[in-house]
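Number 107 marks the last residue of the sequence shown (this note's numbering); no jumps.
Backbone N, C-alpha and C define an ideal beta-carbon position, used for all residues, glycine too.
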Amino acid sequence: MKIPSSNQIHSQDPLQRKPETQGIEPSSTQGRKNTEVNNTLQGDRIEISGQAQGILQASEIVRTTPEIRASKVEEVKRAVDQGIYRVDSNKVAGRMLDQIREELLEM
């Protein structure tokens, strides 16, 4: 068996492209690559939907709204101190039932 001497190295890697096929893309990816290049050349652009904008606004309101409403706390404190604070038990029970219903529906 004779092994020819050559300065050229031949790759046996099937994934390595052959020189005659380099630069040739399958038609399905070629169109996508052209689109990507065109988008890159035009610059990046982001569009936010109306629903996403509403969510951003709501999250900003929640972020900036204090958790404790100081005016409401003072009002209740004054009513308790004066002995005129009354709790409507029907209203409390109704809200408790509403909360339980919501939790059951989430299950």
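Residue i to residue j span [Cα, whole Å]
| i | j | result |
| --- | --- | --- |
| residue 63 | residue 56 | 10 angstroms |
| residue 58 | residue 83 | 38 angstroms |
| residue 66 | residue 60 | 12 angstroms |
| residue 81 | residue 46 | 55 angstroms |
Cutoff 8 angstroms; reference residue i; Cβ partners in own chain excluding five residues on either side
| i | result |
| --- | --- |
| residue 68 | none |
Nonlocal neighbours in the same chain, by C-beta distance under 7 angstroms from residue i, ignoring five residues either side
| i | result |
| --- | --- |
| residue 72 | none |
Residue i - containing alpha helix (DSSP H), residue span
| i | result |
| --- | --- |
| residue 101 | 89-106 |
| residue 48 | Looking at the DSSP string, residue 48 is not in any alpha helix (DSSP H), and its letter there is neither H nor E. |
Residue i and residue j closer than 8 angstroms at C-beta
| i | j | result |
| --- | --- | --- |
| residue 85 | residue 92 | no |
Close-in-space but distant-in-sequence residues of the same chain around residue i (CB under 6 angstroms, 5 per side omitted)
| i | result |
| --- | --- |
| residue 50 | none |
| residue 95 | none |
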